[in-house]
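Under the numbering used here, the first residue of the sequence shown carries the number 830, and numbering increases by one thereafter.
We put the CB at the ideal spot given by N, CA and C, even for glycine.
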Amino acid sequence: MKTMRTLRLPLFLATILLPTLAHAHVGVGSTSGFLPGIAHPFSGLDHLCAMMAVGLWAAQRGGRALWIVPLSFISLMICGAALGIAGVTIPFVEQGIVASVLLLGVLIAAAVRLPVAASALLVGLFALWHGHAHGTEMPLAASGMAYAAGFVVATAMLHAAGIGLGIAMQRLASSTWVRAAGGAIACCGLYMLVA
């Protein structure tokens, strides 16, 4: 418990200072080519938080959720990107991206254990919004497809990092650390909601 108290100030400061990096949208930087595609999920706090949160939540749930939840996100993110490329409109994309950060953070902080199918459906809904945002900005040329491949690879990497971090925190420390990480993610989502 003393460790949690010593982390409060750094977590508070990170919550205050880091959200200035958040971009609940694309259109920042290049959207052509594999390397910009890989770089994009690392370029905004909203992407980092959402992708890591999917992995953390899957690790917190354990079992089949370790692969079903991230796979659901990646699959439906690709579908959302395809809809964006095709010009199909999805309502509330910006709000959905912010909601994904806030709600995933709250679910982790509260240690909510939904059935695996419900967890996969929820992250899949969030993934549609994330993918659609990417798809609407991608060029139709081959460089756009390379960009898509890059952001899919980066998303999988961030999910894997979240899973690894979640498992390590639960084994080496306690589930309280995972919940604290969820709380920090929720704070970032709350900031994006009001900013």
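| Query | Result |
| --- | --- |
| Terminal residues of the alpha helix (DSSP H) in which LEU895 lies | 894-914 |
| VAL930, buried or exposed, once every other Cβ within 10 Å from all chains shown has been counted against 16 | buried |
| Element boundaries [alpha helix (DSSP H), containing ARG1008] | 1004-1023 |
| CA nearest to the CA of PHE980, picked from MET1021, ALA962 and SER948 | ALA962 |
| Whole-number beta carbon distance between GLY960 and CYS878, since they are thought to touch under 8 Å | That pair is no contact at about 17 Å. |
| Neighbourhood of LEU794 by C-beta, 7 Å cutoff - its chain only, sequence neighbours within 5 removed | In the structure as shown, the chain begins at 830 and stops at 1024. Residue 794 is therefore absent and cannot be evaluated. |
| Supposed close pair GLY862, TYR976 - CB separation, criterion 8 Å | 6 Å |
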